[in-house]
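**Student:**
Number of protein chains: 2
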Amino acid sequence: MAAGSPRDEEKPLLHYVSSIKIITGRARHPQKAAAIPCSGHGRVFLDTILAANGEPSCECNRCFAGTDCSSKIKNCNAKVDSGDPMFLEPFWDANAEAGAVVIPPVHRMSYLTEATAEGRRITLELERLIRQVHEFVGNAVIKDKFIVIGTGSMELINAAVASLAPIASNTLPKSPPALVVSRAPYYQAYQMQTEFFASTQYIWGGEPSIAAKKFANTGSTFIEFVAAPNNPDASMKEPELKFNGSFTVFDRAYYWPHYSPIFKAMDDDVMLFTLSKLTGHAGSRLGWAIVKDPKVYARLSQYVLLNTNGVSHDTQLRASRLLRAVLEGYSTTGAKTGVRDPQVYAKSQHIFHFAQSVMNSRWQKLEKIFARSMQFSLQYVEAQQCNFFKAIISPSPAYAWVKCEDPGLIMNSSCFNVFKNAGIIGRAGGYGDERDNSYVRFALLIGNDDFDNFMEHLNKFLTE
Amino acid sequence: MAAGSPRDEEKPLLHYVSSIKIITGRARHPQKAAAIPCSGHGRVFLDTILAANGEPSCECNRCFAGTDCSSKIKNCNAKVDSGDPMFLEPFWDANAEAGAVVIPPVHRMSYLTEATAEGRRITLELERLIRQVHEFVGNAVIKDKFIVIGTGSMELINAAVASLAPIASNTLPKSPPALVVSRAPYYQAYQMQTEFFASTQYIWGGEPSIAAKKFANTGSTFIEFVAAPNNPDASMKEPELKFNGSFTVFDRAYYWPHYSPIFKAMDDDVMLFTLSKLTGHAGSRLGWAIVKDPKVYARLSQYVLLNTNGVSHDTQLRASRLLRAVLEGYSTTGAKTGVRDPQVYAKSQHIFHFAQSVMNSRWQKLEKIFARSMQFSLQYVEAQQCNFFKAIISPSPAYAWVKCEDPGLIMNSSCFNVFKNAGIIGRAGGYGDERDNSYVRFALLIGNDDFDNFMEHLNKFLTE
Chain D
5 MAAGSPRDEE KPLLHYVSSI KIITGRARHP QKAAAIPCSG HGRVFLDTIL
55 AANGEPSCEC NRCFAGTDCS SKIKNCNAKV DSGDPMFLEP FWDANAEAGA
105 VVIPPVHRMS YLTEATAEGR RITLELERLI RQVHEFVGNA VIKDKFIVIG
155 TGSMELINAA VASLAPIASN TLPKSPPALV VSRAPYYQAY QMQTEFFAST
205 QYIWGGEPSI AAKKFANTGS TFIEFVAAPN NPDASMKEPE LKFNGSFTVF
255 DRAYYWPHYS PIFKAMDDDV MLFTLSKLTG HAGSRLGWAI VKDPKVYARL
305 SQYVLLNTNG VSHDTQLRAS RLLRAVLEGY STTGAKTGVR DPQVYAKSQH
355 IFHFAQSVMN SRWQKLEKIF ARSMQFSLQY VEAQQCNFFK AIISPSPAYA
405 WVKCEDPGLI MNSSCFNVFK NAGIIGRAGG YGDERDNSYV RFALLIGNDD
455 FDNFMEHLNK FLTE
Chain G
5 MAAGSPRDEE KPLLHYVSSI KIITGRARHP QKAAAIPCSG HGRVFLDTIL
55 AANGEPSCEC NRCFAGTDCS SKIKNCNAKV DSGDPMFLEP FWDANAEAGA
105 VVIPPVHRMS YLTEATAEGR RITLELERLI RQVHEFVGNA VIKDKFIVIG
155 TGSMELINAA VASLAPIASN TLPKSPPALV VSRAPYYQAY QMQTEFFAST
205 QYIWGGEPSI AAKKFANTGS TFIEFVAAPN NPDASMKEPE LKFNGSFTVF
255 DRAYYWPHYS PIFKAMDDDV MLFTLSKLTG HAGSRLGWAI VKDPKVYARL
305 SQYVLLNTNG VSHDTQLRAS RLLRAVLEGY STTGAKTGVR DPQVYAKSQH
355 IFHFAQSVMN SRWQKLEKIF ARSMQFSLQY VEAQQCNFFK AIISPSPAYA
405 WVKCEDPGLI MNSSCFNVFK NAGIIGRAGG YGDERDNSYV RFALLIGNDD
455 FDNFMEHLNK FLTE
């Protein structure tokens, strides 16, 4: 059977789904609904709570209101702080059949799946599909590697630290807690988790080079987080610490054709990925670690078992369906080459083409706006050769990393506040150094309504 | 609209599900399948991996093999170690339509739900249904309480400790780590998690009364776990520590009519529940904490956000559907009174009646077998008045807690090993004291095949 092609037994489902659009989160009462249900600015989900009149009403996007979400709220701030990958929603609207799943109540009720002889909690089908997607995209070497899934890569960040720390310590008996480090600017969760979970086995160490000097003769070991492409600035970071007794965790969440050229299949010891940034299903809580060392694999598995007892089987089934749809989209009209205008891909089955073209068109808009400004600058991202598209690809980063160039602007304040005063809520601080004040992160992978609102505010602010 | 009744827009789904039994985890090729697909000893799930011939094959229950699971494996050990609540599977087979859900690919892709203004991650619909089920059963006071969901109650055990520990410490500045305690025999996860996560803020303290004496003058605070009904012995435990500076976490996983008479609506400060032991969906990873104190609620929510960023929306949708089916089962033929033979409820829509009658009939079998034995004894469980069934209910505990009475039997060994040698794998040790050697836990809430195998082995062993 071709990879990702629908199974025979699913064909009735596909027909069914197309005939039940009324319950798929669009209108439930088509005769009452407008031509565009919820005016295109909201949704009715299957578990949307019923209003007082016993009918479900639209859940409106931010800055929209009314029973059908048709009223635009005036003076509504642009919120671009969260990396919520809603730009992929239109793709799944266009591929509603390919990505739908029916879950009968007897579906995998047990704690165990068929693959759990050794205490694993991943279905063979999901593992097969994760491997196949990486092989198809060419972004990670997965041969002879282990896969551990978690409830989002969020769970796996601390899992990786907790798994590496005792292994690190074992190399030097009675060593002090391992130091968790990352070069600024870094994704805040590394520090937040490490500090919040307050372990005896590891502590937050901040900037790798500084921590390495400070703790040079203490017997400390180091766990360095390297997000590449980096969150927030999209740079292809490299680890700073490479000596004996240092471990690197590579966060590869954004290493998909959506956000970055694919340079090569990465072959690192520990790599983290997440469904959220691949298919856009942030609410489905699925991440995976690809690891080389069987000891690290065993510890990671144990951590997940003790922390959450594995990933929901509902999510594993849905993720399998979505990954099959991703592969299926390319199985018939397989061309991987080139990307063009996002409109071309609006109804396409090619998720990578769709995603890259949307993100690139957004980036072009930003570059154009910031080109006018002397006070604010956007990070530089280069057009580069992508092995997946087999072409030079113009930039499509997940975030804008904006600098307030004028020190007068941020005196006694911050770049975040400068934009906040203009009604643009980016993400502030916590990136590890002075950039906390002079930089602000804007998420670009958000939904269309949020992005449009952002553009409106930004245009107005930078023109004034 | 009546609580739990199917929504109009779901009716096409219900018809659909009944017409697609071929994909609901029974046979996919009815023309090839036997009268009972997978011979009643296995299943084909939607994500069952395809065999080399491109067709899915049955996933057989333990001790069964063959393409259709019709061969019983000889000399196959009885495994009764895990609390895998598969005894509820037949109920959902009989209620396949009521519990099925279609998930379109655009379903709640975002990190956020409509209720997440304050960083919450629970849908309003799921929260409404959790509250309604507790009100219907009468096992917990939920009015004016907060609900925090987690990826299984597993996540919430350590979340509760991590949330209470700093609050406990704040009452006495610079106090030593909080002591996590539980009276033996206790559920092993309390100790395993506390030790594994190796926090600076709390440590494992063992037996409450001993720890309280030992650390009397240290300024230590205490977090006591009280499972009631208790895992493993079904007793209605009460907290041992009730002084200022001690906190109690009540694990109410088994406080459902399935396993215990409902004495009253419990009104404790912190209570843990899990979908696993209510509907049997252990693989769906959903637990909830019911808490009184807004400070504890805020910490718990923060913990879940940082640990896993909330519970999968797929699972929240499915759980909502299942809880509605539970309520719907009673909405038309509402009688809560009395329970009788399990056969009566085999095809019923009354989950509590079905569950209690199955567990009770299993307990009666065990009592009969152990009555013959002088060497082994079963814990005593009393028939008591149940407010839910409005009747005196004979016992239906989730676990058997068996004592090896003869010290000679366990000399240099353990009660676990005595049964293991007879091919019965219970759960050994880790309960906190000498009971580790002279007791063994057998799970009774397992699937029918596993229970039958257990009975065979037990009958043979105790007759010999």
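As given, the protein sequences belong to chains D and G, one line each in that order.
Each residue of the first sequence is one higher than the one before, starting from 5 at the first, in this note's numbering.
Each residue of the second sequence is one higher than the one before, starting from 5 at the first, in this note's numbering.
Idealized CB from N, CA, C, for every residue including glycine.
Owing to the predicted nature of the structure, the values given are computational and were not obtained by experimental measurement.
1) Is the separation between the beta-carbon of Val274(G) and that of Phe254(G) shorter than 9 Å?
2) To the nearest angstrom, how far is the alpha carbon of Asn457(D) from that of Ala100(D)?
3) Spell out whether any CB of chain G is found under 9 Å from the CB atom of Thr225(D).
4) Taking Cβ-Cβ distances shorter than 7 Å, what residues in chain G pair up with Thr278(D)?
5) How would you call Thr467(G), buried or exposed, if buried means at least 16 neighbouring beta carbons within 10 angstroms?
6) Identify each residue in the stretch 130-146 of chain D for which the Cβ-Cβ distance to at least one residue of chain G is less than 8 Å, and report them in chain order.
7) So who's on the other strand from Cys408(D), going by DSSP bridges?
8) Under 7 Å Cβ-Cβ, which residues of chain G neighbour His285(D)?
9) Inspect the beta-carbon positions of Asp88(D) and Ala286(D) and report whether they are closer than 9 Å.
10) Check whether the stretch 298-305 of chain D and the stretch 73-85 of chain D are in contact - that is, three or more C-beta pairs closer than 8 Å.
11) Check for me: the alpha helix (DSSP H) holding Cys390(D) runs from which residue to which?
12) Please state whether the Cβ-Cβ distance between Trp208(G) and Val230(G) is less than 9 Å.
13) Relative to chain G, which residues along the stretch 96-111 of chain D have a C-beta separation below 8 Å, given in chain order?
14) Step through the CB atoms of chain D and report whether any lies within less than 9 Å of the CB of Thr312(G).
15) Is the beta carbon of Ala402(G) within less than 8 Å of some heavy atom of the ligand FMN?
16) Are the C-beta atoms of Leu331(D) and some chain G residue less than 9 Å apart?
17) Quick check on Gly156(G) - is its C-beta less than 9 Å from some C-beta in chain D?
18) Taking Tyr443(G) as part of the beta strand (DSSP E), name the residues at either end of that continuous run.
19) Identify the residues that DSSP records as bridge partners of Val182(G): which are they?
20) Given that a residue counts as buried once 16 or more other Cβ atoms are within 10 Å of its Cβ, and exposed if not, what is Thr222(D)?
21) The stretch 199-223 of chain G: which residues have C-beta closer than 8 Å to a C-beta of chain D, in chain order?
22) Can you confirm whether Ile24(D), when its beta carbon is compared against all beta carbons of chain G, has any partner nearer than 9 Å?
23) For His317(G), go through chain D and note every residue whose CB falls closer than 7 Å to its CB, in chain order.
24) Could you have a look at Glu131(D) and say whether DSSP puts it in helix, strand or coil?
25) For chain G, is any of its Cβ atoms less than 9 Å away from the one on Glu14(D)?
26) Does the stretch 313-326 of chain G come close enough to the stretch 188-208 of chain G that 3 or more CB-CB pairs lie under 8 Å?
27) Assign Glu118(D) to buried or exposed, taking buried as 16 or more other Cβ atoms, counted over all protein chains shown, within 10 Å of its Cβ.
28) Classify Tyr307(D) as helix, strand or coil using the three-state DSSP reduction.
29) Take every Cβ of the stretch 53-67 of chain G, pair it with every Cβ of the stretch 327-337 of chain D, and state whether three or more of those distances are shorter than 8 Å.
30) Quick one: what's got a C-beta closer than 6 Å to Lys241(D)'s C-beta in the same chain, skipping five residues either side?
31) Does any residue of chain D have a CB that is nearer than 9 Å to the CB of Leu168(G)?
32) Would you list the one or two residues that DSSP bridges to Phe68(D)?
33) Between Pro265(D) and Gln388(D), how many whole angstroms is the CB-CB distance? I'm expecting something under 8 Å.
34) Should Ile161(D) go down as buried or exposed, given a rule of 16 or more other Cβ atoms within 10 Å for buried?
35) Taking the beta strand (DSSP E) that Ser250(D) belongs to, which residues open and close that run?
36) Assign Ala169(D) to one of two classes, buried (16 or more other C-beta atoms within 10 Å of its C-beta) or exposed (fewer than that).
**Tutor:** Taking the definition as stated:
1) yes
2) 27 Å
3) no
4) Within 7 Å Cβ-Cβ: nothing; Thr278(D) doesn't reach chain G, min ~10 Å.
5) exposed
6) Leu130, Arg132
7) Phe380(D)
8) Met113
9) yes
10) no
11) Taken as a continuous stretch (DSSP letters only), Cys390(D) belongs to no alpha helix (DSSP H), being part of the beta strand (DSSP E) at 388-390.
12) no
13) Trp96, Asp97, Asn99, Ala100, Ala102, Gly103, Ala104, Val105, Val106, Ile107, Pro108, Pro109, Val110, His111
14) yes
15) For the ligand FMN, the structure offers nothing, since it holds no ligand at all.
16) no
17) yes
18) 443-447
19) According to the sequence displayed, residue 182(G) carries Ala and not Val. Bridge partners of Ala182(G): Tyr206(G).
20) exposed
21) Phe200, Phe201, Ala202, Ser203, Thr204, Gln205
22) In this predicted model, Ile24(D) has a pLDDT of only 38, less than 50, meaning its place in the structure is not dependable; the value taken from the coordinates is given anyway. Interface residue, yes.
23) Gly287, Ser288
24) helix
25) Model confidence at Glu14(D) stands at a pLDDT of 48, short of 50, so the residue's coordinates are unreliable and nothing is read from them.
26) no
27) buried
28) helix
29) no
30) Val230, Ala232, Asn234
31) no
32) Lys76(D)
33) 4 Å
34) buried
35) 250-255
36) buried
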